[in-house]
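Let me begin by presenting the structure, written as structure tokens, before commenting on it.
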Amino acid sequence: MKIYKTILMACTVLSVFACTNLDEELFDRVEDEDFGKTPKEIEALVGGAYSSLRGFSDAISNAFPASEYVFFLNEVVSDEATLPTRGTDWYDGGQYQNAQRHQWTPENGMILSAWRYCYAGIAKINAIIYQIDKSGLSEDDKKPIFAELKSVRAYYYYTLLDLFGNVPIVTDFEDLGLPSNSSRKEVYDFVETELLEALPYLPATIAYSKFTKNVAYSLLARLYLNSEAFIGTPRWQDCIDMCQNISGYSLEPDYFANFATQNEKSNEIIFAIPYDSDAGTLGNYMSSMSYHYLQRFAVSPTGDYQWSANGMCAQPGVYSSFDDTDRRKASMLAGDQINLATGSVIIMDSGQPLTYTEEISNFEDAKQNEGVRLHKYQINAGDQWERDNDFVLIRYAEILMMQAESYVRLNSPDLARPFLDQITARAGVETPAIIDLSYLDKELLREFIFEGHRRTDNIRFGTFFQPWWEKDATPAYRAIFPIPTSVLNTNTNLSQNFGYPN
Amino acid sequence: MDNKNIQISFRKGMTKRSFVLMVVLFFLTFTGNAQEKKMITGTILDNTGVPLIGATILESQTSNGTVTDFDGKFELLVSVGSSIKVSYMGYITETVQITVSVNSPINITLQEDAFALDAVEIVAIGYGTMRKSDLTGAISTISSEDLVKGTVTSTEQVLQGKIAGLVVTQDTGDPSSGSSLRLRGGTSLTASNSPLIVVDGIAGVDINIVQPSDIQSIDILKDASATAIYGSRGANGVIIITTKSTKRGLSFNYDGFTGVSYASNHLDMLSADQWRAYVRENGLTDAIDFGGDTNWQKELERAPALTQSHSINMASGNENGGLRASVSYLKNEGTVKTTEMERLSASLNTHQYALDRAIKFDVGLFANIDKWHPLDYRIFERAFNLNPTIPVYDHNGDFTAVGGTLYENPVEILTNRSADNKRNRLLGYFKTEANFLNDFQATVNVSLEHNASTGNTYKPTYAVLEGRSENGYGQKTYGEYTTLQIEAYVNYTKSLGNSNVNAMVGYSYLDNGYEGFGAQRSGFVSDLFEYNNLGAGKDYRLGDVYSYKGKSNLASFFARANYAYDSRYMVTATIRKDGSSRFGANNKWGIFPSASVAWRVTGENFMEPTRDWLTNLKFRAGYGVTGNQDGIGEYKSLSILGVGGDSYYDPATGTWSLAYSPAQNPNPDLKWESTAQLNIGMDFSLFNRISGSVEWYDKRTKDLLYTYEVPQPPYLVGTILANVGELTNKGLEVSLNANLLQNDKVSWNTNLNFATNTQKIERLSNQVYKTDIIYSGSLHGLSGMSNQFSQIIREGYPVGIFWGYESAGLDDNGEFILSAEKTAIGNVQPDFTVGFGMDFSYNNFDLAFTTYGSFGQEVLNATNMMLYDPNRLAAYNVPDDFLDSGINSAPAYSSYWMEDASFLRLQTVSVGYTIPFKKSSSKLRLYVLGENLAVFTDYQGVDPELNLTGLANPGMDRFNNYPRPTTVSLGLNLNLGY
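In structure tokens form, the structure reads like this:
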């Protein structure tokens, strides 16, 4: 039949063209199974564990440990910093006000950011472990790599232990089952075990920004220092013992060398997150989160400095608690800000001079110039938005202070004195005759102001639960944050931390 | 007569007043006869007096006949006493007795036959055409003369207000800003909601490849029974553009206009005098008076902005083939300085017949170059912020440098930067049509679309924004995509008695590749080179150089069968199977079926009594399933590693290296969104004067793509692209056309379209992925509103519900009275949209206007929300009305700032005069055209017409106030036919 033949013919013609290959062809990225075959490629995978420490920003949250919002969260709930609302500025749904007043809810975006910072890092490291496990490397070659990766992961779990307590422990990249909570004690034990098991394989060298034995010791010391606060079991002597394993570091004669743009040269820094704007690192712009908009004219006569957002400042009372001789007082910027081009005080748009004051008249509607500013890290004319200084996580001064505190806690304040003398001598102040917890609490503030330690210290010293500026007494359950609402909604196997609404 | 050839050479819209000669394949023979013969000559005209070319004149009971020539003239030797029958498709056949007394020349005017017109009006339906009378789906057609005229810089705009259910929105008044098209509401949260664009049979191309002057007709396929033939790309409707092709004879046309534009509106901010009065009355001693008097909005403006457009096309053709070429140039200045759109475009179409017309070759080529200067939109907010006493320039003649954040001099921002972008578009195709075995036509169409964009930016070392801090900043970007398509299909058409059968099978393969690169540098010693020598910048950062490349494939098989009996009962069925490389491994192929029926009631004998007035009545019903795969993108289903801004420090060497990191949660189940649509429609015609259609539809989209938040742990990253939700769109569309008056001198036509659509999100969660609320309409970037959202997406609501506190006005202290709980406070979805137009001609004068409007949509006036702030004065400016508003509270998002943005825009008004030539196929028309002369609205902001589409910020007025211009143009159309 004609028609039949025609159709047959047409089909034959069509089948000549009929390509139906639908495999995706990749050009500028690689499928996971095709990567991790060479030592260089494995290095590039391990590097991802370290780069994860800088955090990330996506449509859901801003999870940068050095600025928005992980750093913000740690600072504004402590007694050293505040983020007042200025007109409309920095209201942002009230998230800072609620945090400042210890009335945060599980919806708070800063809390979600901190949670995601840790678990994104953990998931990434789990993926890297999975990837390297498949790589064909010998088991012996894998051991030091896994030790390093698991230690970085333990740092994240330590942070979760500190912030959230009862968090799920996930270690298997392939398991997408929804995990349930582990108890705070289980998380504590996990962190300790992981670090202790990794220690034999970690390098004993001093390798800046890498997870070495010294870093693991320091983190374990921190764990033991806060052991009572975390799980109710004090381990002061364990803390001292762990600190004494640490070697190869010394205090920098200049306190601010630790916060210089080139602070990787510091001999005091044990662990830091390195940043370099030329290398494309993101999330290190805290210097622009504090100064007034017009600060740039006090940095450069041509205004060649980044825009600043006029945000975080010290809580009233903090600045004046420093002796004027204390070199560390320069961690804050107060007073008249001079326009370098004119030599006179910068005038704000309101017509008033830009003079940073310690007092904040109205926390809900502060004036633009109120609050002394965070001024710890070096700033320079011509700085990029992404700054080049590294963000300090652990420095040797903390090892000294941990030992001093542990000795005081063990009722041997005299044994604390040699450690404290090193700290105070550099600061240009005297160690007092009586060394007690109250003194240590204030000294920790002065030494580590704006380094993200203060919330943990406040909790350990119990001051966290007492009223302070713009805050009433805090119930005990707020020593840890709630699990964020959006996480609870998507994982019904999780239960909320005690005290918080589900 | 050979039907197939009619289908080849007829395109929609060629019937009325056209030049096109109908193809007649029989030879007319003169047979000797003893009777007395008489040579008669004459002209055949349509009812508007336009000559009909190719009308058939046949001596009755003989095979003696002829056809009219280009001027509608004929001559024929006929027997005295016989009669001649004059027929023309779409017109009622006339019979004229030839007596001795009949004197040549005789003029015969044929009357239009509404039904017969439908029968010859050929509608593009995708991979074939169909007589309008046999359609079973919802398809609207618009011909070239009905397109919106004026300063059109994006081809989408020619459809604005013309089609019931099609909403066209130009983002801003910037001539380089694109327009969005939305048919029957959006079906997707993630994917593009733009209809699929088909140009001369090539699917998925950029609509702007075609210039308005080259468009012959546009067919809009609305319902699934019509669009299902496009399968996984048909869910948002299909717009088929048919370009003008060669006509028989020679023609030359010039269309040109020149126009002046002004910003149509401003926000009324305090002038310097008003500001000073306020400062004086309130004793604000700290307030700084800079001594100037500046209207910052006006300082940014270009008044008037000039537009010129020239378009030339020429065509020649005969029975063996033809050629048409066009070239056009448009330069449209925006009402904000530096903005403009310059477009040079050309097209070439040629076709040729071979083997006794059994084969037709078609070659088409379209190309254009766009140039424009992207605007830094931050200038608008600055213009509202700046104190009106600040002069633009200081006493040295330099830009006044002032204060703090969001307080930079907007004129400086606008001036001290170079931004030059360019885009090239190219579309070419080679199509072969072969007719064989009488009833078959095979088509092979090979096409290539290439689209390349370059971007250049330079901010000099002295520019306040980014220039100074970067010591000069230069950037170049390049991106291109190339789509190669091969389509092959066979149509079978057969008429058996009263039955018409059409069947089609086909295959198509599409290969889309894209690639690009970019580079940026800063740290320039000199600003001399601008972006032309990036190597002159010394600072290099990771990410300053990048490149990318990707590819996707789509393979499809499709078939359609259509059966019509006596043009009374019609049934159509289609099926398409689509496979896409983007789909996950578990869902590589999708099947998209449809079926539809129609019944032309007026074809029935029992309708005889009403046929005088009810000239046509047809009912249609169709159901089909279509898809949307735009939202997937490439490589989304795979587990991949990326390299990018992820660097790590090596302390041994003190250097940085790049890390490779897993980039996304893989989803091997990823697939298209699937939309099932039921459409019931009716077409009618009354007295041959009023015609229209009514459509009702119910669209149900499932497997909605959305980037779901997934719990961390255990997921690698916080989101995954997955097919989860369901949403529905239901609506009604009415189109009416009326020929109110028609005689030798006067013609008066009007058209009206009306559409309403109701959208509802039915489901957002499934077993695996759960979401109660998706926040959208971000307020981020407004002072104090970081990470705040104004809208929610939630089951039971449409997309774009404003969710916030209900405001009961102000209390005695000027504070907002707000409800305790957040609630739905507004809906960006309009209640209905309309288009209305009229055209009127009297002798050689013509007058026309078009309007369009949208009613019931509620929008957030975030501009006012932020400007009505008591903290602003005296440092920052405020609107005049703020002083009387009584507001004494910092900005807060609430229903206080929701406004009804209903509007009706007088889009165009034109007055023309046509100078007739002796040769009636030539003419010269002069006209004046006014665009956007009036907007009827209660909206307080600069322009009520906001983009209501997308998820980012639909229906939000937030300092993006580039006002649409008001334009008056003077134009000329010259058409020469010879």
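From first to last, the protein sequence lines are chains L and X. Convert by adding 5 to the 1-based position in the first sequence; the result is the number in the working numbering. Convert by adding 1280 to the 1-based position in the second sequence; the result is the number in the working numbering. All C-beta atoms in this analysis are idealised placements derived from N, C-alpha and C, irrespective of residue type, glycine included.
What is the DSSP secondary structure of residue i, reduced to helix, strand or coil?
i, result
"cysteine 248/L", "helix"
"asparagine 494/L", "helix"
"methionine 294/L", "helix"
"isoleucine 1405/X", "coil"
"valine 1691/X", "helix"
"glutamate 2225/X", "coil"
"valine 1303/X", "At valine 1303/X the pLDDT is 27, less than 50, meaning the model places this residue with poor confidence; the figure from the coordinates comes in the next sentence. Coil at valine 1303/X, not helix or strand."
"valine 2108/X", "coil"
"aspartate 28/L", "coil"
"glutamine 1765/X", "strand"
"glutamate 435/L", "coil"
"serine 500/L", "coil"
"proline 184/L", "coil"
"proline 423/L", "helix"
"leucine 1241/X", "Outside the modelled stretch of chain X, which goes from 1281 to 2258, sits residue 1241/X, for which no answer is possible."
"arginine 1464/X", "coil"
Give the DSSP bridge partners of residue i, in chain order.
i, result
"lysine 2203/X", "Pro2196/X and Asn2255/X"
"glutamate 1622/X", "Lys1611/X and Lys1651/X"
"aspartate 1892/X", "DSSP output for aspartate 1892/X lists no bridge partner at all."
"leucine 1229/X", "Because residue 1229/X is not part of the residues shown, which for chain X are 1281 to 2258, the question remains open."
Which residues in chain L have a C-beta closer than 8 Å to the C-beta of residue i? List them in chain order.
i, result
"tyrosine 1673/X", "Within chain L, no residue comes near tyrosine 1673/X; the closest Cβ sits about 18 Å away, beyond 8 Å."
"arginine 1748/X", "Thr307, Gly308 and Asp309"
"isoleucine 1871/X", "Neighbours of isoleucine 1871/X on chain L: none; closest Cβ ~14 Å, over 8 Å."
Would you decide whether residue i is buried or exposed? Buried here means 16 or more other CB atoms lie within 10 Å of its CB.
i, result
"valine 1518/X", "buried"
"glycine 2115/X", "buried"
"arginine 1891/X", "exposed"
"isoleucine 428/L", "buried"
"proline 306/L", "exposed"
"tyrosine 2148/X", "buried"
"glycine 253/L", "exposed"
"tyrosine 2258/X", "exposed"
List the residues of chain X whose Cβ lies closer than 8 Å to the Cβ of residue i, in chain order.
i, result
"aspartate 180/L", "Pro1994"
"serine 214/L", "Tyr1929 and Pro1931"
Please compile the residues from chain L whose C-beta is within a distance smaller than 9 Å of the C-beta of residue i.
i, result
"valine 1805/X", "By Cβ distance, chain L contributes nothing, its closest Cβ being about 14 Å from valine 1805/X, past 9 Å."
"alanine 1835/X", "Ala23, Cys24, Thr25, Asn26 and Leu27"
"glycine 2260/X", "With chain X running from 1281 to 2258 in the structure shown, residue 2260/X is simply not present."
Counting only Cβ pairs nearer than 9 Å, list the residues of chain X close to residue i.
i, result
"isoleucine 127/L", "Gln1992 and Pro1993"
"alanine 236/L", "It is worth fixing the name first, because residue 236/L is isoleucine in this sequence and not alanine. The premise fails here: isoleucine 236/L is roughly 22 Å from chain X at the closest Cβ pair, so nothing lies under 9 Å."
"isoleucine 485/L", "Within 9 Å Cβ-Cβ: nothing; isoleucine 485/L doesn't reach chain X, min ~17 Å."
Taking Cβ-Cβ distances shorter than 7 Å, what residues in chain L pair up with residue i?
i, result
"aspartate 2091/X", "Within 7 Å Cβ-Cβ: nothing; aspartate 2091/X doesn't reach chain L, min ~18 Å."
"asparagine 2067/X", "Asp97, Gly98 and Gly114"
"glutamate 1914/X", "Glu29"
Task: Segment contact, 8 Å Cβ cut-off, at least three pairs: the segment 279–290 of chain L with the segment 325–338 of chain L - done: Flag = no, the segment 279–290 of chain L and the segment 325–338 of chain L do not touch.
- [ ] Could you tell me whether the segment 84–96 of chain L touches the segment 1970–1983 of chain X, where touching means 3 or more Cβ pairs closer than 8 Å?
- [x] no
Task: Validate contact between the segment 199–212 of chain L and the segment 2012–2021 of chain X using beta carbons, cut 8 Å, 3 pairs - done: Short answer: they don't touch.
Open item on the list: Check whether the segment 1491–1509 of chain X and the segment 1863–1883 of chain X are in contact - that is, three or more C-beta pairs closer than 8 Å.
Closed with: yes
TODO: Determine, using beta-carbon pairs with one atom in the segment 1608–1617 of chain X and one in the segment 1670–1678 of chain X, whether at least three such pairs fall under 8 Å.
DONE: no
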